[in-house]
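Here is the structure we will look at, set down as structure tokens.
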Amino acid sequence: MKKLIQLIACFFLLIPAASVFIRDPSFSSSSEEGYGRGKHHHGGHHSPTPNPCEVGWYAFHRPQGVWCVKVVASKLTYLAAQTACINLGGALSGLQNDKERVWIGNKGMEIMLANGGTDSGTWLGAKCSSSGCTWTDGNTVGTQGMMFAPGEPNQLSYPPCLYIWAKIGDTLKRYPYGNGYIDDTRLTTAMMSYACGKPGLRNN
1 MKKLIQLIAC FFLLIPAASV FIRDPSFSSS SEEGYGRGKH HHGGHHSPTP
51 NPCEVGWYAF HRPQGVWCVK VVASKLTYLA AQTACINLGG ALSGLQNDKE
101 RVWIGNKGME IMLANGGTDS GTWLGAKCSS SGCTWTDGNT VGTQGMMFAP
151 GEPNQLSYPP CLYIWAKIGD TLKRYPYGNG YIDDTRLTTA MMSYACGKPG
201 LRNN
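Residue numbers 1 to 204, in full-length UniProt numbering, belong to the letters of the sequence shown in order.
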């Protein structure tokens with residue numbers, strides 16, 4: 001009976017943390033990791049289909065081709081994250097659509113929770129001016145993935161840099177519209193993660 005009570009208590013402790021993640025009912029298998037199931041050949045043999053992305057990177061299938069994304073756990077300022085991503089062969093990633101925003105936002109939340117944070121985010125590749133914001137990774141197009149928090153970007157910091165926020169507890173209570181929104185902040189802020197992106201191997 002004692003063990004049963006402990007299990008029930010653990011279950012209820014997990015609920016608040018789980019509730020902070022972003023949900024998208026339309027999200028399906030738009031990303032992949034590892035190797036595909038491959039194609040069937042005569043004789044029933046499997047020919048493995050190589051992943052368009054390296055191990056640890058997720059493949060998003062954009063109209064312009066496969067885009068590989070890795071959300072890296074590293075507390076860095078914007079410029080430091082930019083350099084770290086270049087060293088991985090990529091560029092700080094933009095968001096092609098809402099599915100990418102949800103996936104990257106949840107990865108950033110996982111990293112923040114694992115490191116005991118309550119208010120952080122994931123750096124994105126974008127630049128902003130008085131006329132608006134644009135993606136800088138050389139691949140992302142359009143504004144479908146630009147879901148800003150209400151009243152943002154306020155461009156109180158210059159030059160403004162974009163990130164997806166992750167907040168829990170009392171910090172989240174001040175922002176009742178939830179997690180996964182984009183905000184702007186100063187480039188000297190240290191975020192707990194950054195989203196690095198690069199074209200998939202099938203694009204080459």
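Heads up, the beta-carbon is just placed ideally off N, CA and C, and yes, glycines get one too.
**OP:** Count the other CB atoms, across all protein chains shown, that sit within 10 Å of the CB of G132; report buried if there are 16 or more and exposed otherwise.
**Re:** Stepping through the sequence shown from its first residue, residue 132 is reached at position 132. Burial call: exposed.
Subject >> Inter-residue spacing [alpha-carbon to alpha-carbon] between N97 and R62 >> reply: Start at 1 with the first residue of the sequence shown, and residue 97 comes out as number 97. Start at 1 with the first residue of the sequence shown, and residue 62 comes out as number 62. So the alpha carbons of these two residues sit roughly 9 Å apart.
**OP:** Give every residue of the same chain whose Cβ lies closer than 8 Å to the Cβ of A84, excluding the five residues on either side of it in the sequence, and list them in chain order.
**Re:** Residue numbering aside, residue 84 sits at position 84 when the sequence shown is read from its first letter. V72, S74, L76, Y194, C196.
Original post:
Taking the runs of the beta strand (DSSP E) that are 3 residues or longer, which of them lie wholly in the UniProt domain "C-type lectin" (53 to 197)?
Top reply: 58 to 62, 65 to 76, 119 to 123, 126 to 129, 132 to 135, 161 to 167, 182 to 185
Original post:
Comparing alpha-carbon positions, which option in A114, S120, V66, L113 lies nearest D183?
Top reply: Translated into the one-based positions of the sequence shown, residue 183 becomes position 183. Of the candidates A114, S120, V66, L113, the one whose C-alpha sits nearest the C-alpha of D183 is S120.
**OP:** Inspect the beta-carbon positions of residue 289 and V66 and report whether they are closer than 8 Å.
**Re:** Here the chain comprises residues numbered 1 to 204, so residue 289 is not present and cannot be evaluated.
**OP:** Report the rounded CA-to-CA distance for H42 versus A91, giving the unit in angstroms.
**Re:** Indexing the sequence shown from 1 puts residue 42 at position 42. Indexing the sequence shown from 1 puts residue 91 at position 91. Per-residue confidence for H42 stands at a pLDDT of 48, beneath the threshold of 50, marking its modelled position as unreliable; the derived number appears in the next sentence. Rounded to whole angstroms, H42 to A91 spans 42 Å at the Cα level.
Subject >> Cβ separation of Q82 and V141, assumed to be a contact under 8 Å, to the nearest whole Å >> reply: By one-based count along the sequence shown, residue 82 stands at place 82. By one-based count along the sequence shown, residue 141 stands at place 141. Q82 to V141, Cβ: 20 Å. No contact.
Original post:
Taking E100 as the reference, which of C53, I86, T189, Y58 has the closest Cα?
Top reply: Reading the sequence shown from its first residue, position 100 is the one you call residue 100. Among C53, I86, T189, Y58, the Cα nearest to that of E100 is on Y58.
Original post:
To the nearest whole angstrom, what separates the beta carbons of L162 and L79, a pair I think is in contact under 8 Å?
Top reply: Looking up residue 162 in the sequence shown gives position 162. Looking up residue 79 in the sequence shown gives position 79. At roughly 14 Å, the Cβ-Cβ gap does not stay under 8 Å, so L162 and L79 are not in contact.
Original post:
Rounded C-beta distance between T118 and G169? I'm assuming under 8 Å.
Top reply: Translated into the one-based positions of the sequence shown, residue 118 becomes position 118. Translated into the one-based positions of the sequence shown, residue 169 becomes position 169. Taking the Cβ atoms as the reference, T118 lies roughly 5 Å from G169, within the contact range of under 8 Å.
Subject >> Rounded straight-line distance, which links the Cα of I104 to that of C53 >> reply: Sequence index remark: in the sequence shown, residue 53 carries index 53 (1-based). Sequence index remark: in the sequence shown, residue 104 carries index 104 (1-based). When rounded, the distance between both Cα atoms is 16 Å.
Subject >> Straight-line Cα distance separating Y158 from V55 >> reply: Numbered from 1 along the sequence shown, position 55 holds the residue referred to as residue 55. Numbered from 1 along the sequence shown, position 158 holds the residue referred to as residue 158. Distance between the alpha carbons of V55 and Y158 is about 36 Å.
Original post:
If you compare alpha carbons, which of N51, D137, K107 is closest to K198?
Top reply: Working through the sequence shown from its first residue, we reach residue 198 at position 198. The shortest Cα separation from K198 among N51, D137, K107 belongs to D137.
Original post:
In its own chain, which residues sit with a C-beta less than 6 Å from the C-beta of L88, not counting the 5 before and 5 after it?
Top reply: Translated into positions along the sequence shown, residue 88 becomes position 88. Excluding sequence neighbours, L88 sits near C196.
**OP:** Let me know if P153 comes out buried or exposed under the rule of 16 or more other beta-carbons within 10 Å of its beta-carbon.
**Re:** The count along the sequence shown starts at 1 and reaches residue 153 at position 153. P153 is classed as buried because its beta carbon has at least 16 other beta carbons within 10 Å across all chains shown.
Original post:
If we count the other Cβ atoms within 10 Å of its Cβ and call it buried at 16 or more, is A190 buried or exposed?
Top reply: Taking the sequence shown and counting its residues from 1, the one referred to as residue 190 is at position 190. Under this definition A190 is an exposed residue.
Subject >> Top-ranked residue by Cα proximity to V102, from G151, M146, L172 >> reply: Working through the sequence shown from its first residue, we reach residue 102 at position 102. Comparing Cα positions, the closest option is M146.
Original post:
Relative to the alpha-carbon of N115, which residue among L201, G200, M192 has its alpha-carbon at the smallest distance?
Top reply: One-based indexing of the sequence shown puts residue 115 at position 115. Per the Cα distances, M192.
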